[in-house]
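Position one of the sequence shown corresponds to residue 31 (our numbering), numbered consecutively onward. For reference, the structure is listed below as structure tokens.
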Amino acid sequence: MIEEIEGVLIDLDGTIWKGNELISHADKAVAYLRSLGKRIVFVSNRGNWSRRMCHERLGRFGIAAEEEDIILSSTVTAQFLRKHYPLCQVWTLGDEGLREELRHHQVPLAPAPEDADFLIITLHETMTYRDLDLAFRAVHHGARMIATNIDKTFPSEHGNAIDVAGMVGAIEAAASRKVELVLGKPSCFMVEAALRQLKVPPNRCLVIGDSVESDIRMGRMYGMKTALVLTGNTKRNELKALREKERPDYVMDSIYDIVGLGKEIVQ
Numbered sequence: 031m032i033e034e035i036e037g038v039l040i041d042l043d044g045t046i047w048k049g050n051e052l053i054s055h056a057d058k059a060v061a062y063l064r065s066l067g068k069r070i071v072f073v074s075n076r077g078n079w080s081r082r083m084c085h086e087r088l089g090r091f092g093i094a095a096e097e098e099d100i101i102l103s104s105t106v107t108a109q110f111l112r113k114h115y116p117l118c119q120v121w122t123l124g125d126e127g128l129r130e131e132l133r134h135h136q137v138p139l140a141p142a143p144e145d146a147d148f149l150i151i152t153l154h155e156t157m158t159y160r161d162l163d164l165a166f167r168a169v170h171h172g173a174r175m176i177a178t179n180i181d182k183t184f185p186s187e188h189g190n191a192i193d194v195a196g197m198v199g200a201i202e203a204a205a206s207r208k209v210e211l212v213l214g215k216p217s218c219f220m221v222e223a224a225l226r227q228l229k230v231p232p233n234r235c236l237v238i239g240d241s242v243e244s245d246i247r248m249g250r251m252y253g254m255k256t257a258l259v260l261t262g263n264t265k266r267n268e269l270k271a272l273r274e275k276e277r278p279d280y281v282m283d284s285i286y287d288i289v290g291l292g293k294e295i296v297q
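Here's what the structure looks like:
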């Protein structure tokens, strides 16, 4: 099957690394795909990072990539706002990486929450009560809510950690308002950004990731081949409960098993 693939969309958390730890031989798996001439983009729901930050981490793990080959939910959020609301001002609930990506795409940051047209919610690993309250104030004064993604958890070196859904839930409950738009995987915004970079048709692409809800669903909706890795959110004992439309084409213990794809991976 690998011979039919021209472009590969690779997840990061739970697929390439867990927290600050590289998943065993993930760097070798990427190098192997490059040796076959495959085009690669890294597609992640990380909305609290900028592409620069992600590029630096890949480099520390010995994985070569151009910043343009990294598609984050912060990236597509910034691109969406720049294209459709070029004069809007935004307030953020999230770490500095989101604001860095917004500034890079020339999206204006509101000087105060009361001035914001949109509240952008992403993962906030250093969140305080004040951060939550300022975000609430933005919505209370009319800001519309956008989420970079609504994943419940992400895999870290300590196990599953709370993700953006927890931040979204807090603001929605307090403000009695709902998020209007989610821009991360499995949305069309992420896929289309990846395909623009790859310049490969969907039926010649493979998605590799650890999440059935985001990675596998995204691939299936676009007619891509899908490979689920068991190094992150999904465990083997959960596979039997998947509905037919949720099932990946391949199940791999880790991304390094991609090296054996030509020899047929047994699901």
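Beta carbons: idealized from backbone N, C-alpha and C, even for Gly. No experiment lies behind these values; they were computed from the predicted model shown.
Residue i versus residue j: straight-line alpha-carbon distance, rounded
i	j	result
G189	I53	13 Å
G89	A95	8 Å
G249	P278	9 Å
C235	A223	14 Å
S241	K270	15 Å
H55	L63	13 Å
P116	R266	45 Å
W79	H154	10 Å
G44	F184	8 Å
T152	I201	12 Å
I299	R129	Lying outside 31 to 297, the shown extent of the chain, residue 299 is not represented and no answer is given.
H170	V120	14 Å
S284	A205	41 Å
M254	D161	39 Å
G37	N233	9 Å
L213	L291	31 Å
L42	N263	12 Å
T156	E126	10 Å
A140	R133	11 Å
Y280	E268	15 Å
L258	A142	42 Å
F219	L111	12 Å
M31	T256	11 Å
T122	K113	18 Å
Host beta strand (DSSP E) of residue i (start-end)
i	result
A177	174 to 177
I100	100 to 102
G37	37 to 40
L149	148 to 151
T183	183 to 186
I70	69 to 74
Start-to-end residues for the alpha helix (DSSP H) that takes in residue i
i	result
V194	194 to 205
G59	The question names Gly, yet the displayed sequence has Ala at residue 59. It spans 56 to 65 - the alpha helix (DSSP H) in which A59 sits, taken as one unbroken run.
F166	159 to 170
V221	218 to 228
R90	81 to 90
Contact set for residue i: own chain, Cβ-Cβ below 6 Å, skip 5 residues either direction
i	result
V71	L39, D99, I101, A224, Q227, L228
E187	K48, G49, E51
Y286	H55, A59
I288	A59
E276	V242
A108	E131, L132, H135, V137
Own chain partners of residue i with C-beta closer than 8 Å, once the 5 adjacent residues on each side are dropped
i	result
E210	R174, M175, I176
T261	G44, T45, K48, I53, P185, D240, D283, S284, I285
Spatial neighbours of residue i in its chain, beta-carbon cut-off 7 Å, leaving aside the 5 residues before and after
i	result
V198	I151, A177, I180, V209
H85	A95, E97, I100
A195	I180, D181, K182
Any C-beta of chain C under 7 Å from that of residue i
i	result
N179	This model lacks chain C altogether; it includes just one protein chain.
*Which ranges does the beta strand (DSSP E) cover as unbroken runs of at least 3 residues, wholly within the segment 108 to 145, from first to last along the chain?*
Those beta strand (DSSP E) runs which fall completely within the segment 108 to 145 and span 3+ residues are 120 to 123.
*Does the pairing of the segment 94 to 109 with the segment 68 to 83 give three or more beta-carbon distances under 8 Å?*
Segments in contact, yes.
*Where are the beta strand (DSSP E) runs, 3 residues long or more, that stay fully inside the segment 232 to 261, in chain order?*
Counting only runs of 3 or more, we get 235 to 239, 255 to 259.
*Whole alpha helix (DSSP H) elements within the segment 265 to 297, 4-residue minimum*: Taken in chain order, the whole alpha helix (DSSP H) runs of length 4 or more contained in the segment 265 to 297 number zero.
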